[in-house]
Amino acid sequence: MTPANRLGLDYEKEAARFSTLPYPIIDTHSHLHGSDSARIFQKAAHLYGIGQVYTMTPVRQVDAVRRALGDMVRFIAMPGFSAKDPVHAQGAGFVSQLRTFYRKGARVVKFWSAPRGIDWGLKAGRPDLLQINAPHRIEIMKLAQDLGMIFMAHIGDPDTWFATKYAKTEVYHPKAWHYEQFEDVLTRFPATPWIGAHMGGWPEDLEFLSSLLARYPKLYLDASATKWMVRELSRQPRATVVGFLTRWKGRIMFGSDIVASNDHLRSGGKSPGATKAGSREQAFDLYASRYWALRTLWETDYDGESPIADPDLHLVDPTRHTDMDAPRLSGKSLPPDLLRELYHDAASRLLDPLYG
Numbered sequence: 069m070t071p072a073n074r075l076g077l078d079y080e081k082e083a084a085r086f087s088t089l090p091y092p093i094i095d096t097h098s099h100l101h102g103s104d105s106a107r108i109f110q111k112a113a114h115l116y117g118i119g120q121v122y123t124m125t126p127v128r129q130v131d132a133v134r135r136a137l138g139d140m141v142r143f144i145a146m147p148g149f150s151a152k153d154p155v156h157a158q159g160a161g162f163v164s165q166l167r168t169f170y171r172k173g174a175r176v177v178k179f180w181s182a183p184r185g186i187d188w189g190l191k192a193g194r195p196d197l198l199q200i201n202a203p204h205r206i207e208i209m210k211l212a213q214d215l216g217m218i219f220m221a222h223i224g225d226p227d228t229w230f231a232t233k234y235a236k237t238e239v240y241h242p243k244a245w246h247y248e249q250f251e252d253v254l255t256r257f258p259a260t261p262w263i264g265a266h267m268g269g270w271p272e273d274l275e276f277l278s279s280l281l282a283r284y285p286k287l288y289l290d291a292s293a294t295k296w297m298v299r300e301l302s303r304q305p306r307a308t309v310v311g312f313l314t315r316w317k318g319r320i321m322f323g324s325d326i327v328a329s330n331d332h333l334r335s336g337g338k339s340p341g342a343t344k345a346g347s348r349e350q351a352f353d354l355y356a357s358r359y360w361a362l363r364t365l366w367e368t369d370y371d372g373e374s375p376i377a378d379p380d381l382h383l384v385d386p387t388r389h390t391d392m393d394a395p396r397l398s399g400k401s402l403p404p405d406l407l408r409e410l411y412h413d414a415a416s417r418l419l420d421p422l423y424g
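Following the numbering used here, the numbering of the sequence shown begins with 69 at its first residue and continues without gaps.
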């Protein structure tokens with residue numbers, strides 16, 4: 069048993085159980101770091117019908133990942149998060165890096181503004197360092213807009229984290245506060261399309277997301293972050309989820325949030341998340357498990373435990389759960405037209421004109 073395969077599945081054989089679709093699935097949200105792990109990711113992606121992937125890859129690794137994946141991969145610009153001077157990296161340093169990303173083909177720029185970014189800002193002596201509407205980020209948005217790029221934003225984190233990790237509201241603010249900052253930039257850049265990562269950061273509250281989508285017609289959502297989507301969308305009735313996707317057909321896109329790192333290919337890796345896999349076989353299971361769970365969620369009527377361990381259960385209720393426990397996965401069996409919009413058409417319509 070591993071965190072990516074609690075049920076002992078053969079993910080390579082499992083892939084054949086899913087329907088062969090008449091279109092490629094587009095994964096709008098991933099993190100591919102390193103060419104070796106990218107090739108293992110590619111094997112898993114192809115088995116599960118993924119034909120295109122958008123990735124937040126460090127600029128120094130873009131060329132290597134492109135050589136590994138070819139036309140399958142497209143890049144999303146992002147600042148560096150390991151720089152010795154984070155204030156420079158998120159400001160003036162990102163200005164030059166954004167231009168490099170653009171020359172290398174990126175046409176979407178990611179603004180990571182998760183609540184835990186407040187800790188980064190406090191450590192750097194700039195509490196607003198990663199706040200979505202901080203002045204230095206507005207300037208970068210203006211440059212990206214001039215380049216013809218569109219924006220992606222990570223705003224909210226799971227409700228489970230606000231009940232635990234972010235319980236000190238005097239530091240992290242209530243969850244709604246973060247969306248007030250988000251609406252500020254949505255209002256400042258009304259003509260630029262935005263992609264709200266991880267179902268806009270609030271899959272627990274589809275009514276709120278509907279109100280946001282109604283107010284901002286250029287806002288799109290990606291349904292990435294596999295464990296989060298499985299846990300929270302499974303809890304909601306099929307009719308509620310299908311109704312939401314029907315109302316906002318064309319504005320909700322498939323994503324996985326898979327992180328593929330060369331550190332996954334050997335034990336003792338140093339990067340964040342390296343402990344999730346320690347061999348090529350475990351790395352394949354890690355990546356394939358996300359596509360198995362997401363296709364099961366969207367396409368089938370499966371009703372059982374997820375094969376992926378979800379430590380948030382233990383985080384919220386440590387007396388009842390361990391880090392290896394998993395939530396119920398309740399498949400939503402989407403109608404074919406909604407499935408095609410989610411898997412392919414919405415992303416193709418928005419992003420293909422940018423990337424050619």
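Glycine included, every Cβ here is placed at the ideal spot set by N, Cα and C.
Residue burial classification, residue i (beta-carbon count within 10 angstroms, cutoff 16)
i      : result
Asp153 : exposed
Thr364 : buried
Asp405 : exposed
Arg358 : buried
Gly76  : exposed
Met69  : exposed
Ala307 : exposed
Pro375 : buried
Leu190 : exposed
Pro395 : buried
His266 : buried
Asp214 : exposed
Lys427 : Nothing can be reported for residue 427, as the shown portion of the chain is limited to 69 through 424.
Whether residue i touches residue j by CB criterion (8 Å)
i      : j      : result
Tyr122 : Thr88  : no
Lys178 : Met220 : yes
Ala282 : Ser105 : no
Ala252 : Asn201 : For clarity, residue 252 is Asp in the given sequence; the question names Ala instead. Yes. Within cutoff.
Val155 : Ala132 : no
Arg134 : Val141 : yes
Arg175 : Met217 : yes
Asp23  : Gly399 : The requested residue 23 is not part of the displayed model; the chain covers only 69 to 424.
Ala136 : Ser164 : no
Inter-residue spacing [alpha-carbon to alpha-carbon] between residue i and residue j
i      : j      : result
Gly224 : Ile108 : 30 Å
Ser150 : Phe312 : 38 Å
Asn73  : Asp369 : 20 Å
Glu300 : Pro271 : 6 Å
Lys286 : Arg194 : 30 Å
Phe169 : Ile144 : 8 Å
Ser278 : Glu248 : 16 Å
Leu407 : Tyr423 : 23 Å
Glu373 : Leu397 : 6 Å
Arg388 : Gly138 : 46 Å
Trp245 : Ser401 : 34 Å
Gln110 : Ile118 : 9 Å
Pro71  : Glu238 : 34 Å
Tyr91  : Leu410 : 12 Å
Thr314 : Ser335 : 44 Å
Ser347 : His332 : 6 Å
Ile326 : His101 : 11 Å
Arg85  : Asp227 : 33 Å
Leu381 : Ser302 : 14 Å
Asp187 : Asp196 : 10 Å
Phe230 : Ala259 : 32 Å
Glu367 : Val310 : 12 Å
Pro403 : Pro305 : 15 Å
Leu274 : Lys236 : 25 Å
Nonlocal neighbours in the same chain, by C-beta distance under 6 Å from residue i, ignoring five residues either side
i      : result
Ile94  : Gln120, His412, Ala415
Tyr234 : Pro183, Tyr240
Ala356 : Tyr79, Ala112
His204 : Gly159
Lys172 : Val130
Pro147 : Ala157, Gln158, Phe162
Gly268 : Leu277, Leu289
Trp180 : His222
Met124 : His99, Ile144, Met146, Lys178
Ala345 : His332, Ala351, Leu354
Trp316 : Leu281
Residues near residue i by beta carbon distance below 8 Å, same chain, minus five either side
i      : result
Tyr288 : Pro261, Trp262, Ile263, Gly264, Arg319, Ile320, Met321, Ala414, Leu418
Pro379 : Asp391
Ile206 : Val253, Arg256
Chain-order list of residues whose beta-carbon lies under 7 Å from that of residue i (same chain, five-residue window excluded)
i      : result
Thr232 : Leu383, Val384
Glu82  : Trp360
Leu166 : Ala145, Val177, Ile208, Leu211, Ala212
Ser324 : Asp95, His97, Ser98, Ser292, Thr294, Arg358, Tyr359, Leu362
Leu280 : Gly268, Leu287
Asp353 : Thr70, Ala72, Asn73, Tyr79
Trp296 : Pro226, His266, Pro271
Any C-beta of chain B under 8 Å from that of residue i
i      : result
Phe257 : Although the question refers to chain B, the structure presented lacks it and comprises just one protein chain.
Whole beta strand (DSSP E) runs in the segment 110 to 170 with 3 or more residues, listed along the chain? DSSP runs (the beta strand (DSSP E)) wholly in the segment 110 to 170: 118 to 123, 141 to 145.
Where in the segment 336 to 388 do unbroken runs of the alpha helix (DSSP H), each at least 4 residues long, occur, reported from the N-terminal end onward? For the alpha helix (DSSP H) assignment, the uninterrupted runs of no fewer than 4 residues enclosed by the segment 336 to 388 are, from N- to C-terminal side, 348 to 367, 380 to 384.
Contained beta strand (DSSP E) runs [length at least 3] in the segment 207 to 233, N- to C-terminal order: The qualifying runs are 218 to 222.
Quick check for students: name the residue ranges of the beta strand (DSSP E) that lie wholly in the segment 298 to 329, counting only runs of 3 or more. Counting only runs of 3 or more, we get 320 to 322, 326 to 329.
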